[in-house]
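Residue numbers (the working numbering): 122 to 774. Note that CB positions come from ideal geometry on N, CA and C, so glycine has one too. For reference, the structure discussed in these notes is given below.
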Amino acid sequence: MADPTTAEFSDLLREDRTFPPSEAFRAQALVRDEAIYAEAARDPEAFWARFAAELEWSTPWTQVLDWQPPHAKWFVGGKLNASVNCVDRHVRGPRRNKAAIIWEGEPGDRRTLTYHDLYREVSQFANVLKSLGVTKGDRVALYLPLIPELTIAMLACARIGAVHSVVFGGFSAESLRDRINDSLCKVLVTADGGYRRGQIVPLKQMADEALEGTPSIESVVIVQRGEQAMKMVHVKEGRDHWYHRLMQDASARCEPEPMDAEDMLYILYTSGTTGKPKGIVHTTGGYLTGTYATTKLVFDMKDEDVYWCTADIGWVTGHSYVVYGPLANGATVMMYEGAPDWPQKDRFWSIIEKYGVTILYTAPTAIRAFMRWGTDWPAKHDLSSLRLLGSVGEPINPEAWVWYYKFIGGERCPVVDTWWQTETGAIMITPLPGVTTTRPGSASRPFPGISAEIRNEKGETIPAGGGLLALTRPWPSMLRGIYGDPERYARQYWNKWGLGVYVTGDGAKLDAEGNFWLLGRVDDVLNVAGHRIGTMEVESALVDHPSVAEAAVVGKPHAIKGQSIAAFVTLKEGIFGTKAHLELLREHVAKKIGAIAKPDDIIFTADLPKTRSGKIMRRLLRDIAEGKAVGDTTTLADPSMMAKLKAQYENET
Ligand code: WT7
122 MADPTTAEFS DLLREDRTFP PSEAFRAQAL VRDEAIYAEA ARDPEAFWAR FAAELEWSTP
182 WTQVLDWQPP HAKWFVGGKL NASVNCVDRH VRGPRRNKAA IIWEGEPGDR RTLTYHDLYR
242 EVSQFANVLK SLGVTKGDRV ALYLPLIPEL TIAMLACARI GAVHSVVFGG FSAESLRDRI
302 NDSLCKVLVT ADGGYRRGQI VPLKQMADEA LEGTPSIESV VIVQRGEQAM KMVHVKEGRD
362 HWYHRLMQDA SARCEPEPMD AEDMLYILYT SGTTGKPKGI VHTTGGYLTG TYATTKLVFD
422 MKDEDVYWCT ADIGWVTGHS YVVYGPLANG ATVMMYEGAP DWPQKDRFWS IIEKYGVTIL
482 YTAPTAIRAF MRWGTDWPAK HDLSSLRLLG SVGEPINPEA WVWYYKFIGG ERCPVVDTWW
542 QTETGAIMIT PLPGVTTTRP GSASRPFPGI SAEIRNEKGE TIPAGGGLLA LTRPWPSMLR
602 GIYGDPERYA RQYWNKWGLG VYVTGDGAKL DAEGNFWLLG RVDDVLNVAG HRIGTMEVES
662 ALVDHPSVAE AAVVGKPHAI KGQSIAAFVT LKEGIFGTKA HLELLREHVA KKIGAIAKPD
722 DIIFTADLPK TRSGKIMRRL LRDIAEGKAV GDTTTLADPS MMAKLKAQYE NET
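Quick look at the structure:
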């Protein structure tokens with residue numbers, strides 16, 4: 122992205138359509154009063170403590186916040202268990218037989234788990250993990266399709282104090298291996314396969330490849346997902362076990378481990394500015410408080426709702442808003458395993474109609490695809506059950522926002538555009554649907570208790586205008602570290618403007634009314650179809666191929682995916698950049714990282730734009746990929762190469 126302090130994105134601020142909450146929505150909303158912002162600002166710790174107190178603690182905390190920048194402890198001395206808060210306490214009351222999870226598989230199979238069912242299965246699997254030698258603090262890797270067993274396994278880990286590390290099923294064997302090895306996981310839970318666009322994704326087969334280089338793994342548990350797939354699966358005697366066999370003999374009683382508020386709940390790997398993803402660490406009490414409070418207020422969560430967040434649990438959105446936030450609220454969570462266009466482009470709308478979904482939370486990239494597919498698909502279905510729409514993962518362009526509002530929400534449902542990150546754990550900037558007058562393209566204001574600012578490079582606060590987004594107070598669901606790399610935690614997030622200010626890596630604009638307009642990353646992180654990918658990661662994957670001498674990767678705007686990946690590659694002497702070779706390199710990236718990281722464009726070039734000292738000027742490559750006039754080339758060793766490269770790019774893409 123370009124420098125956010127320029128006028129470049131001012132067109133966003135020209136958006137002047139406003140959408141106040143309807144009287145009908147407001148009348149029933151949990152929050153109707155603007156005063157919540159002032160109340161939280163007066164005493165943020167008291168505000169958060171009010172929500173923490175709605176959770177169940179086995180030992181109360183003695184201090185809300187201990188802030189030694191950049192290290193925070195929330196709810197000091199308090200003890201609780203996340204699985205108790207997501208399951209047990211609902212089972213004790215009228216939610217006992219309420220649907221916790223309504224699941225539909227891609228082939229059309231259906232399952233419903235009540236809170237009591239979930240309680241039994243979580244406890245059973247917790248006992249299974251114990252029988253495999255998992256104890257408090259051990260790491261467990263989960264590499265599963267979007268099936269209820271993933272939620273069950275996460276909560277089972279939480280129940281016994283094990284730390285889960287979920288790896289998205291779209292990541293490659295090598296990515297899985299690296300993640301397992303970074304945190305030395307003891308057990309891997311995977312499946313024979315999952316379904317995606319009618320195909321079986323052979324998870325166990327990929328896991329087998331990863332397992333050749335993961336000495337810490339002692340046991341593997343395989344969920345049987347596909348009836349056909351079972352025969353294809355290799356089961357290694359002594360190490361691998363079928364989930365359903367282990368569950369048969371497991372007791373449905375398992376005492377929950379009382380966890381310190383600051384005990385680790387999970388690790389989730391995300392891309393940064395280096396070649397290696399970082400393991401973001403979240404702890405128990407603050408994370409649960411943040412996800413609980415935001416789910417309740419942002420989604421106006423009621424017991425009658427059927428809530429559907431379409432994210433895969435492999436990403437933080439799924440952790441916070443498919444699992445912990447909604448279940449801590451005792452909500453009914455819709456889960457769908459597969460693709461939105463399978464078998465036809467109305468799968469989402471058919472699910473909403475069939476199950477009476479009331480709240481839909483999805484990503485701009487999906488909304489843009491729906492726009493392209495046309496309004497006939499949603500028009501075929503009764504979507505009148507919907508009452509609230511959410512968006513997350515990347516900036517939503519006003520056109521997509523208005524389309525979503527009109528054709529999915531029937532001009533009846535508020536749209537909440539929610540900004541946050543893997544690191545923030547919970548939603549940070551968002552409308553409150555019963556209070557906020559929304560503007561398409563703006564995530565509006567910081568959630569109560571959250572302090573956000575726009576700063577310039579020097580760290581000066583910009584009262585209105587563009588700059589870098591900073592969070593200026595600690596918040597309960599904030600990351601507590603990068604697994605195994607405390608130094609990187611401080612340097613990466615807290616080292617720009619003093620240890621108390623969190624650097625988001627996003628550019629944003631603040632308008633005169635106090636609305637934030639998110640503009641995208643300002644670092645070397647891309648957002649491709651809502652998935653975070655580091656340019657350095659893709660570069661390392663490319664350079665890993667024996668034919669590649671050098672590679673530079675940049676993002677370029679893409680109508681549906683938001684951004685796509687463009688790679689400029691210099692091949693070694695004597696190797697020719699044929700079409701076949703290009704495909705080979707794309708496959709190599711898929712093998713190293715996963716299909717989501719495959720570059721859309723690869724340009725073979727003998728020269729990359731470099732300074733005299735040999736540094737690649739990615740800024741200039743970005744100009745080419747974005748189709749803009751090439752910026753200042755005076756520091757280049759050979760400025761004349763840029764015109765040639767630009768012409769070549771335009772020719773070949
Ligand atoms: C990055 C975080 C948060 C869950 C999904 C992504 C971008 C996220 C928005 C939004 C504009 C957004 C930011 C952020 N982003 N939500 N509503 N408007 N940008 O989590 O993979 O950690 O990525 O996603 O650039 O830094 P993530």
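Comparing the CB of residue i with every heavy atom of the ligand WT7, is any distance shorter than 7 angstroms?
i              : result
valine 437     : yes
asparagine 518 : no
aspartate 627  : yes
tryptophan 522 : no
aspartate 259  : no
arginine 489   : no
serine 512     : yes
aspartate 538  : yes
leucine 639    : yes
glutamine 841  : Absent from the model: residue 841. The displayed extent of the chain is 122 to 774, so no value can be given.
tryptophan 564 : For the sequence presented, residue 564 should be read as alanine rather than tryptophan. Correct: alanine 564 has its Cβ closer than 7 angstroms to the ligand WT7.
arginine 642   : yes
threonine 391  : yes
asparagine 648 : yes
glutamate 160  : no
tryptophan 232 : Note on identity: in this sequence residue 232 is arginine, with tryptophan being the wrong assignment. Not so, every heavy atom of the ligand WT7 lies at least 7 angstroms from the Cβ.
glutamate 166  : no
glutamate 425  : no
Is residue i helix, strand or coil by DSSP?
i                 : result
serine 143        : coil
valine 288        : coil
aspartate 329     : helix
glutamate 660     : helix
arginine 653      : strand
lysine 194        : strand
glycine 282       : coil
tyrosine 604      : coil
aspartate 497     : helix
serine 252        : helix
phenylalanine 725 : strand
aspartate 209     : helix
alanine 123       : A caution first: alanine 123 carries a pLDDT of 47, below 50, which makes its placement in the model too unreliable to give a value.
glutamine 184     : strand
glutamine 781     : No answer is possible for residue 781: the residues shown for the chain start at 122 and end at 774.
leucine 263       : strand
methionine 671    : Per the sequence presented here, residue 671 reads as glutamate, with methionine not at that position. Glutamate 671 falls in the strand class under three-state DSSP.
alanine 373       : coil
Evaluate residue i with the Cβ neighbour count: other Cβ atoms within 10 Å of its Cβ, from every protein chain shown; 16 or more gives buried, anything less gives exposed.
i                 : result
histidine 285     : buried
lysine 765        : exposed
alanine 573       : buried
phenylalanine 697 : exposed
arginine 739      : buried
alanine 148       : exposed
proline 181       : exposed
methionine 599    : buried
glutamine 369     : exposed
histidine 365     : exposed
histidine 355     : exposed
methionine 122    : Residue placement at methionine 122 is flagged as unreliable, the pLDDT there being 48, under the threshold of 50; a coordinate-derived value is accordingly withheld.
glutamine 245     : buried
serine 131        : Reliability fails at serine 131, whose pLDDT of 49 lies under 50, so the model's placement of it is uncertain and the value that follows must be treated cautiously. Answer is exposed; the Cβ neighbour count stays below 16.
Would you list the residues sitting across from residue i in a DSSP beta bridge?
i              : result
isoleucine 231 : Isoleucine is not the amino acid found at residue 231; the sequence shown has arginine there. DSSP, once it has assigned bridges, lists Glu225 as partnering arginine 231.
proline 567    : Ile550
methionine 456 : Trp224
histidine 403  : Tyr387
histidine 362  : Val342
cysteine 430   : Tyr482
tyrosine 623   : Leu592
glutamine 769  : Note: glutamine 769 sits in no beta bridge, so no partner.
histidine 679  : Gly683
methionine 380 : Leu201
leucine 706    : DSSP, once it has assigned bridges, lists no residue as partnering leucine 706.
glycine 587    : Lys630
arginine 298   : BP columns for arginine 298 are empty, so no partner.
leucine 757    : Thr732
Confirm the yes/no value for this check: CB of residue i, any heavy atom of the ligand GDP, distance under 7 angstroms.
i              : result
tryptophan 182 : This structure lacks the ligand GDP; its bound ligands are the ligand WT7.
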